[in-house]
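Shown next, in structure tokens, is the structure this report addresses.
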Amino acid sequence: MSRVAVPGVSGVPDVSGAAGGRRAAASAAARGALLRWAVLAVAVLVWEAAARAHGSVYFPPPGRIVRHAYDLWFSGPVAHAFLTADAVDNILPSLGRMAAGFALAAVAGIALGVAVGRSRRAYALCNPVLQFARAVPPPALVPVFVVIFDFGTPMQLASIVFSAVWPVLINTAEGTRNTEPLRLDVAAVLRLNAAERLWLLFLPSALPRIFAGLRLSLSLSLILMVFSELLPGTADGIGYTLTDAQSRSDLLTVWAVLLLLGALGYLLNTGLLTVERRLIGRGREGTR
Amino acid sequence: MLELRKLSQWYGDHAVLSDLTLKVPDGELLCVVGPSGCGKSTLLRTIAGLLPAAEGEVTIDGTPVTGVPDGLAVVFQDYGRSLFPWLSVRENVALPLRRRGLPRAERRAEAERILDRVGLSGAARRHPWQLSGGMQQRVAIARALVCRPSLLLMDEPFGSLDAQTREDLEDLLLQVHRNDDTTIVFVTHDIDESVYLGDRVIALSPGPGSRVVLDLPVRLPGERDQIGTRGLPEFVELRAEVGRTVRTPADPSGLSGPPGA
Ligand SMILES: Nc1ncnc2c1ncn2[C@@H]1O[C@H](COP(=O)(O)OP(=O)(O)OP(=O)(O)O)[C@@H](O)[C@H]1O
Ligand SMILES: [Mg+2]
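As structure tokens, this is what we get:
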């Protein structure tokens with residue numbers, strides 16, 4: 115066969131080989147995605163139809179909820195990235211508190227987790243405390259911080275941090291502890307120093323577990339962010355919008371907030387998964 | 109000079125090595141053979157300072173080994189798990205050079221040079237999990253050779269290689285040994301290989317409580333080559349002698365078991 119690719123002639127057998135296989139896989143993936151969206155669309159349509167047929171004030175149709183959410187938050191000027199004053203006053207402070215709380219929890223959790231996981235003794239000593247701390251339902255901690263900090267941002271931050279820190283900490287500690295022992299021997303023979311062990315061995319070994327912890331912590335951060343804003347004495351935030359709307363029997367806004375929270379949770383989790391996929395190479399799981 | 113004096117090792121109450129005494133002069137290539145489970149890997153881990161001696165002692169130039177000695181490199185039997193899967197092949201191989209304070213570019217260049225010598229120049233940027241077992245094994249070997257160790261411990265380092273690559277690497281090892289005057293302790297279950305490579309071959313008895321049952325200097329011409337040397341009558345005789353010792357009637361299948369079992 116000539117080495118010059120003549121489209122449609124010598125190119126044909128190639129396409130039926132590897133490239134064809136890849137194309138088949140891609141189209142299968144596309145079909146899967148299509149199916150998922152179809153299921154979602156059907157669910158929303160059924161909801162819409164049922165809500166309209168029923169005409170209940172408690173269950174407005176999703177179309178109206180979306181419309182309301184748009185009017186409330188996303189119909190602002192271009193200069194503000196389409197955010198309305200309401201969104202700037204309530205959504206952004208909430209997101210800021212959540213981001214700060216999650217970041218603090220992640221950094222503290224990873225740092226403490228590696229420290230605890232590296233030493234057999236520290237792990238044995240700390241494990242009961244950690245399991246206990248994890249077992250306490252996080253919202254139950256909030257009253258403690260209300261007493262300590264009174265209402266306001268410090269209380270909200272503390273609530274988020276002290277709830278979200280445990281999953282990262284525990285998972286990081288376990289991931290670090292399960293570092294392949296042979297690789298510890300290799301590190302000893304190579305005379306890696308403490309910093310190199312941390313960056314080249316412990317953190318990469320624990321990374322899959324760290325991300326498992328971060329995902330849990332992220333959803334806890336969202337929960338605690340809203341919960342801490344539901345309390346009286348809060349002046350702004352998504353949770354405040356929720357209680358405020360409830361006190362005015364504005365059910366449409368309540369639904370809009372729920373929709374917003376669901377979307378936020380989904381987006382944040384997707385973002386974290388993307389970071390995880392970038393950091394942990396494909397196929398890593400295939401090796402041990 | 110590496111010396112083991114009355115070295116014994118236990119795992120719990122299971123005796124692995126008992127009363128091992130051995131002297132390895134500087135620059136010697138010592139091959140260790142013995143049936144699976146007799147304690148060869150345990151011996152290497154003890155010399156490497158990774159496992160404290162239960163009884164007796166290991167000394168290097170008269171100083172007792174308490175931690176990992178200077179200038180040591182090890183090729184572990186479980187080479188796949190000894191590599192860092194999150195680093196590229198080149199980064200894995202360059203790891204030992206960190207202690208030498210070389211700039212990054214030079215570490216890279218050295219790593220690529222040694223990768224080229226083990227026939228992996230094309231794989232430098234890939235990751236260990238993208239390589240075959242034999243390729244991973246060569247990465248582990250390259251990582252051990254890159255820092256020109258003065259003491260090199262190798263635990264069945266050629267076990268997963270095809271015949272041709274294996275011969276090439278045997279000759280590479282001999283060359284490194286000659287050029288750098290490296291002291292090498294080389295564990296293998298291949299009697300041919302032990303005689304071909306070694307300045308001296310020792311055989312351990314089957315456990316529990318293994319001891320040295322054969323200590324045989326290999327008097328072959330220093331310059332060895334795969335076809336000529338293996339055809340020499342002295343080679344055949346030495347091989348037969350090691351074979352007879354290892355395959356005692358009590359344990360006819362001692363060496364034919366799979367490695368790492
Ligand atoms: N961590 C351990 N705990 C308990 N026993 C062990 C441990 N490691 C090895 N052993 C035992 O010690 C003995 C020697 O093991 P070792 O790995 O040194 O053998 P080996 O000669 O290297 O065998 P092979 O040729 O199969 O690699 C074996 O009987 C094994 O069961
Ligand atoms: Mg072994």
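Order-wise, the sequence lines are chains P and S. Per the working numbering, the very first residue in the first sequence carries number 115; after that it's consecutive. Per the working numbering, the very first residue in the second sequence carries number 109; after that it's consecutive. Positions of the beta carbon are idealized from the N, C-alpha and C atoms, including for glycine. All of these numbers come straight from a predicted model, not from anything done at the bench.
Show which residues of chain P have a CB atom less than 9 angstroms away from the CB atom of residue i.
i: Ser190 of chain S; result: Glu294, Leu296, Arg297, Asp299, Val300
i: Asp186 of chain S; result: Leu296
Which first and last residues belong to the beta strand (DSSP E) in which residue i is found?
i: Asp323 of chain S; result: 320–325
i: Ala311 of chain S; result: 308–312
Can you pull the chain S neighbours of residue i, defined as C-beta to C-beta under 8 angstroms?
i: Val303 of chain P; result: Ala156, Leu158, Val176, Leu180, Ala181, Val182
What residues are listed by DSSP as bridge partners for residue i?
i: Ala181 of chain S; result: S:Leu260
i: Ser116 of chain S; result: S:Glu163
i: Phe294 of chain S; result: S:Cys139, S:Met262
i: Ala123 of chain S; result: S:Trp118
i: Val132 of chain S; result: S:Leu110
i: Thr171 of chain S; result: S:Ile168
Could you work out which residue in the options is closest to residue i when comparing CA atoms only?
i: Arg332 of chain S; options: S:Thr154, S:Ser318, S:Asp276; result: S:Asp276
i: Leu226 of chain P; options: P:Ile284, P:Ala214, P:Pro268; result: P:Ile284
i: Leu271 of chain P; options: P:Ser361, P:Leu365, P:Ser319, P:Leu336; result: P:Leu336
i: Ala301 of chain P; options: S:Leu137, S:Lys131, S:Gly157, S:Thr150; result: S:Gly157
i: Ser331 of chain P; options: P:Ser363, P:Pro207, P:Gly379; result: P:Gly379
i: Glu163 of chain S; options: S:Leu253, S:Leu112, S:Glu264, S:Val295; result: S:Leu112
i: Arg225 of chain S; options: S:Leu115, S:Val247, S:Leu125, S:Gly188; result: S:Val247
i: Arg153 of chain S; options: S:Val132, S:Cys255, S:Asp134, S:Gln117; result: S:Gln117
i: Ser190 of chain S; options: S:Ile222, S:Pro211, S:Gln245; result: S:Gln245
i: Leu374 of chain P; options: P:Arg150, P:Gly327, P:Trp187; result: P:Trp187
i: Leu312 of chain S; options: S:Leu130, S:Leu253, S:Asp121, S:Leu281; result: S:Leu130
i: Leu305 of chain S; options: S:Val321, S:Arg319, S:Pro265; result: S:Pro265
i: Gly227 of chain S; options: S:Leu280, S:Arg286, S:Pro177, S:Arg216; result: S:Leu280
i: Ile324 of chain P; options: P:Ala193, P:Ser361, P:Thr367, P:Val389; result: P:Val389
i: Tyr187 of chain S; options: S:Trp237, S:Arg286, S:Ala213; result: S:Trp237
i: Leu298 of chain P; options: S:Ser126, S:Val182, S:Arg319; result: S:Val182
i: Ala217 of chain P; options: P:Arg362, P:Leu314, P:Gly327; result: P:Gly327
Which residues in the same chain have their Cβ closer than 6 angstroms to the Cβ of residue i, if we skip the five residues on either side of it in sequence?
i: Pro357 of chain S; result: At Pro357 of chain S, the pLDDT of 48 sits below 50, so the modelled position is not reliable and the matter cannot be decided from this model.
i: Ala123 of chain S; result: Pro316, Gly317
i: Leu269 of chain S; result: Gly242
i: Ser149 of chain S; result: Gln185, Asp263
i: Arg198 of chain S; result: Ala219, Ala232
i: Asp203 of chain P; result: Asp350
i: Ala359 of chain P; result: Thr367, Val368
Can you tell me where the alpha helix (DSSP H) with residue i in it begins and where it stops?
i: Ala220 of chain P; result: 199–232
i: Trp405 of chain P; result: Outside the modelled stretch of chain P, which goes from 115 to 402, sits residue 405 of chain P, for which no answer is possible.
i: Tyr354 of chain P; result: 352–361
i: Asp224 of chain S; result: 212–225
i: Thr293 of chain P; result: Segment: none, Thr293 of chain P is in no alpha helix (DSSP H) and carries neither H nor E.
i: Arg178 of chain P; result: 176–183
i: Tyr304 of chain S; result: 299–305
i: His285 of chain S; result: 271–288
i: Gly108 of chain S; result: This structure gives no information on residue 108 of chain S, because the portion of chain S shown stretches from 109 to 369.
So, for residue i: in the same chain, excluding its five sequence neighbours on each side, which residues have a beta-carbon less than 7 angstroms away from its beta-carbon?
i: Gly179 of chain S; result: Pro257, Ser258, Leu259
i: Asp359 of chain S; result: Only weak support is given to the placement of Asp359 of chain S: the predicted model assigns it a pLDDT of 47, under 50, and the question is left unresolved by the model.
i: Met212 of chain P; result: Ile274, Ser335, Leu336, Met339
i: Arg251 of chain S; result: Asn200, Val201, Leu203, Pro204
i: Val350 of chain S; result: Val141, Ile299, Ser302, Val303, Val309, Ala311, Leu322, Leu324
i: Arg166 of chain P; result: Pro175
i: Ile222 of chain S; result: Val201, Ala250, Leu253, Val254
i: Ile125 of chain S; result: Residue identity check: residue 125 of chain S is Leu in the sequence provided, not Ile. Once the five neighbours on either side are set aside, the close Cβ partners of Leu125 of chain S are Leu115, Ser116, Gln117, Gly147, Thr150, Leu151, Ser318.
i: Thr267 of chain P; result: Arg211
For residue i, which residues from the same chain have a beta carbon less than 8 angstroms from its beta carbon, with the 5 sequence-adjacent residues on both sides left out?
i: Arg196 of chain S; result: Per the sequence shown, the amino acid found at residue 196 of chain S is Ser instead of Arg. So the list reads Ala232, Arg233, Arg234, His235, once near-sequence residues are dropped.
i: Val228 of chain P; result: Thr286, Ala287, Thr290, Leu312, Phe316, Leu317, Ala320
i: Leu255 of chain P; result: Ser273, Phe276, Ser277
i: Leu382 of chain P; result: Leu332, Leu336
Give me the chain S residues within the contact set of residue i, using Cβ-Cβ distance strictly less than 9 angstroms, ordered along the chain.
i: Pro322 of chain P; result: None at all; the shortest Cβ gap to chain S is about 11 angstroms.
i: Pro175 of chain P; result: Result: empty, since nearest Cβ-Cβ is about 50 angstroms, beyond 9 angstroms.
i: Pro346 of chain P; result: In chain order: nothing, as chain S lies at least about 49 angstroms away.
i: Pro318 of chain P; result: Phe192, Pro193, Trp194, Leu195
Along chain P, in chain order, which residues have C-beta atoms closer than 7 angstroms to that of residue i?
i: Arg207 of chain S; result: Arg305
Would you mind telling me which residues of chain S sit closer than 7 angstroms to residue i, beta carbon to beta carbon, in chain order?
i: Glu310 of chain P; result: Arg206
Under 8 angstroms Cβ-Cβ, which residues of chain P neighbour residue i?
i: Ser203 of chain S; result: A small fix is needed here, since residue 203 of chain S is Leu in this sequence, not Ser. The contacting residues are Leu304, Leu306, Leu314.
Practice problem: Give the residues from the segment 250–267 of chain P that approach chain A closer than 7 angstroms (Cβ to any Cβ), ordered along the chain. | Solution: Note that chain A does not occur in the displayed structure, where the protein chains are P and S.
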